[in-house]
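One structure is given below, encoded as structure tokens.
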Amino acid sequence: AEDGYDLWLRYKPVDNVSLKAEYVQALKAYSAATDKSPTIQVAVDELSIAIKGLLGVELKSADQVGEQTLVLGTSASSPYIASLKLQKSLDPLGDEGYMITTKKGNVIIAANTDIGVLYGTFHFLRLLQTQQSIKKLNITSTPNVKLRVLNHWDNLDRTVERGYAGFSLWDWHRLPGYIDPRYIDYARANASIGINGTVLTNVNANALVLTPAYLEKVKVLANVFRPYGLKVYLTARFSAPIEIGGLKTADPLNTEVQQWWKDKADEIYNMIPDFGGFLVKANSEGQPGPQNYGRTHADGANMMAAALKPHGGVVMWRAFVYSNEEPDDRAKQAYNDFKPLDGKFDDNVLVQVKNGAIDFQPREPFHPLFGAMPKTPMMMEFQITQEYLGQGTHLAYLSPMYKECLDADTYAKGKGSTVAKVVDGSLNNHRLTGIAGVSNIGTERNWTGHLFGQSNWYAFGRLAWSHGLSSEEIAKEWIRMTFSNQEDVINPITNIMMASHEAVVSYMTPFGLHHIMGWGHHYGPGPWIANKHRADWTSVYYHKADKNGIGFDRTASGSNAVAQYFPEVASKFGSLEECPEKFLLWFHHVPWTYKMKSGKELWNAMCYEYQHGVEEVENMQQKWQSLENEIDAGRFEQVKSFLKIQKKEAEWWRDACLLYFQTFSGKPIPEDIPKAS
Ligand code: GCU
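For reference, each letter of the sequence shown is one residue, going -1, 1 to 676 in mature numbering (1 follows the signal peptide of the UniProt record, and there is no 0).
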């Protein structure tokens, strides 16, 4: 039975007869270097599996390049490609880009490096999987961003922080002796969408992974991933020199500490010559960091950067910092800490910023740090795992959420200074650029728990490579490869996916509400949560509902967090009239009687918005039901069951939030909204 294990690499037979004939004709044989690098070998293996599955034929190796040969390689590895004199067009493609072109009846996949060839191979296969004509190809592609990295929040005991898809893939107990074949499929999947790095460990992990016994295990993973262009990174606990190094301090200005990190880096690179570097969470949520010693984030980051620099490694230093001892608006803390440090970071440091200033909420305005630190490479951190988005049971396609942030205009250098341009380095001429996604992957058979979680892994990779793609294009690619190329399957699933994120926002946190989830686990509603010890982890802190109204005043009359944005944005978000309604309660405390654009009073508008979210889930259920005979029972039934849970929980959200907020508004819930049961 279909269980989703094959992800978007299913390679089911092409059902379109004429296209199939076209493909078979074009792919009589392949030609690649005889003395194949591991990466080219991987590309050829993938082609063979795929061609067999898609076309039912064995891909033969060509003795010489005749007509209808698929040629793959670089000018160095393939004499045929060299003879085509493509180098001028290949040069601008850099070390990961590729070209797919038709020359003299042959399909050529060429690049400057083997990994470029592998990426090109996956692109070519995607054309077949999505049933595009390959008659006259003329494609070039290069990534927008250099480091495209998954962040696994995996602990060494194999639990996964905010993971909803089973346990960690990394079987530390059996490593280094046993290589789970799943590691290879993981690497294939990542390579197929251009992900080129993976941080194996949780941002809250202890320092154990940096000890020799664990590094031996990490080395094996790095060896497995290498042919796929996937570099390994680790989280580095700031206090590691104390915990595993026996030092008394972790002060970044202490020479012994500096030496400890240098030695540690040397030790790692000795085992893993292409190790990527460190991801660091410091001075946030109780984690140790340089501020414990009166030093800045730059002091801390630069110390590690100096240790990694001789080996070509980078530090991804997180800006997700806040402390409950800080009385000011939590949304302001990262900016306040980091903005003054612009220009103080070494050139192999990236500051990794979550898309929004609070914490992976169903919807947040873009983080004000984007654009605010022109001298520093700003790395995007998205969450793929659905911590605040229904976790393992709600269907929420997140590409529209990623795009909303990437497309947002910071006005850092006038109109058109989008977050995407900050992240891809084009706004401030940075060559070191990156984008991270907190992984939703685990040991569940289908990898992501919810089958549609796969689409978020997929979309993250595709956008990291090419942020100009539209959410709909990405959804359609994924659907074609995951389910079918039939329009009557593609269309309903596209509709389901495209409406799904917005639906979740409607039934969880409409109009800019945020952080009103259950305490700790963040699953289900909990707008009533108050805790005198940690105001910043409670709902009442964020929604500020009272009998006059609801919302967090972040304008000048409140915390003035809006002032962290560039003036054009600040004045828009700060003005009650101009603030987009989707962010209204993020920035404003608004009376219950406030007139919304729809003409409804806020309270009524909220009631209908929650109800709308529920109805959208019902729509999703109906559309899915229409696919009963189109999709294999295994996957169909699971998604159907999850949608049922989602429907029930959307109602739970609606009822819980409306009944709770009603205690402040004192207004009736409109009659046409179903009563809480
Ligand atoms: C959220 C999440 C934590 C995580 C943190 C982080 O607060 O709930 O589990 O550790 O983000 O990103 O560091």
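In this text, a Cβ means the ideal position worked out from N, Cα and C, and glycines have one as well.
Tell me the residue span of the beta strand (DSSP E) that contains Thr662.
Thr662 -> not in any beta strand (DSSP E); alpha helix (DSSP H) instead, spanning 632 to 664.
Can you tell me the Cα-Cα spacing of Glu472 and Met496, whole angstroms?
12 Å
Thinking Gly72 and Ile39 are a contact (beta carbons under 8 Å), I'd like their distance in whole angstroms, please.
7 Å
What's the call for Leu199, buried or exposed, on a 16-neighbour Cβ count within 10 Å?
buried
Using a Cβ-Cβ cut-off of 7 Å (strictly less than) and excluding sequence neighbours within five positions of Ile668, which residues of its own chain qualify?
Cys606, Leu657, Gln661
Between Val418 and Gly370, is the Cβ-Cβ spacing less than 9 Å?
yes
For the beta strand (DSSP E) containing Leu71, name the first residue and the last one.
68 to 72
Go ahead and pull the three-state DSSP assignment for Ala411.
strand
Are Tyr118 and Ala186 close, meaning C-beta to C-beta below 9 Å?
no
In angstroms with no decimal places, state the Cα-to-Cα distance between Trp506 and Arg479.
Here residue 506 is Tyr; the residue named in the question, Trp, does not match the sequence. Approximately 29 Å, taken between the alpha carbons.
Around the C-beta of residue 677, are 16 or more other C-beta atoms found within 10 angstroms, so that it is buried, or is it exposed?
Any property of residue 677 remains undetermined from this structure, which presents the chain solely from -1 to 676.
Quick one: Cα of Arg653 to Cα of Ala212, how far?
50 Å
Can you check the region 344 to 390 for any beta strand (DSSP E) of at least 3 residues that lies completely inside it and give the ranges in chain order?
348 to 353, 377 to 382
Classify Asn301 as helix, strand or coil using the three-state DSSP reduction.
helix
Which ranges does the beta strand (DSSP E) cover as unbroken runs of at least 3 residues, wholly within the region 108 to 173, from first to last along the chain?
137 to 140, 146 to 150
What residue range is occupied by the uninterrupted alpha helix (DSSP H) comprising Leu583?
583 to 586
Looking at the ligand GCU, does it come within less than 8 Å of Val437, judged from the CB to the closest heavy atom?
yes
Looking at the secondary structure, which residues open and close the alpha helix (DSSP H) in which Ile80 lies?
78 to 82
Cβ-Cβ distance between Arg317 and Val352 below 9 Å:
yes
Keeping to the same chain, check which residues put their C-beta closer than 6 Å to that of Thr481; ignore five residues upstream and five downstream.
Trp7
Using a Cβ-Cβ cut-off of 9 Å, state whether Gly165 counts as contacting chain C.
Going by chain labels, chain C is absent from the structure shown, which holds only one protein chain.
Under DSSP, the alpha helix (DSSP H) around Leu220 begins and ends at which residues?
211 to 224
Spatial neighbours of Ala560 within its chain, please: CB distance less than 7 Å, with the 5 preceding and 5 following residues excluded, ordered by chain position.
Asp328, Ala330, Lys331, Arg553
Any idea what DSSP makes of Pro272, helix, strand or coil?
coil
Quick one, are the C-beta atoms of Ile440 and Leu168 less than 9 Å apart?
yes
Measuring CB to CB, does Leu426 end up less than 9 Å from Pro367?
no
Given this structure, state the Cα-to-Cα distance separating Val231 from Lys280, to the nearest angstrom.
17 Å
Roughly how many angstroms separate the alpha carbons of Ile383 and Arg161, rounded to a whole number?
10 Å
Please state if the CB of Leu124 and the CB of Tyr10 are separated by a distance shorter than 9 Å.
yes
Flag residue 714 as yes when its Cβ comes closer than 8 Å to any non-hydrogen atom of the ligand GCU, and as no otherwise.
Nothing in the structure corresponds to residue 714, since the chain is present only between -1 and 676.
Over the uninterrupted beta strand (DSSP E) stretch that includes Thr101, give me the two end residues.
97 to 102
Would you say the beta carbon of Trp152 is closer than 8 Å to some non-hydrogen atom of the ligand GCU?
yes
Are there any heavy atoms of the ligand GCU lying less than 8 Å away from the beta-carbon of Glu386, as far as the coordinates show?
yes
Determine whether the beta carbon atoms of Pro37 and Arg225 lie at a separation below 9 Å.
yes
For Trp518, which of helix, strand or coil comes out of DSSP?
coil
Taking 8 Å as the line, does the beta carbon of Glu363 fall inside it for any heavy atom of the ligand GCU?
no
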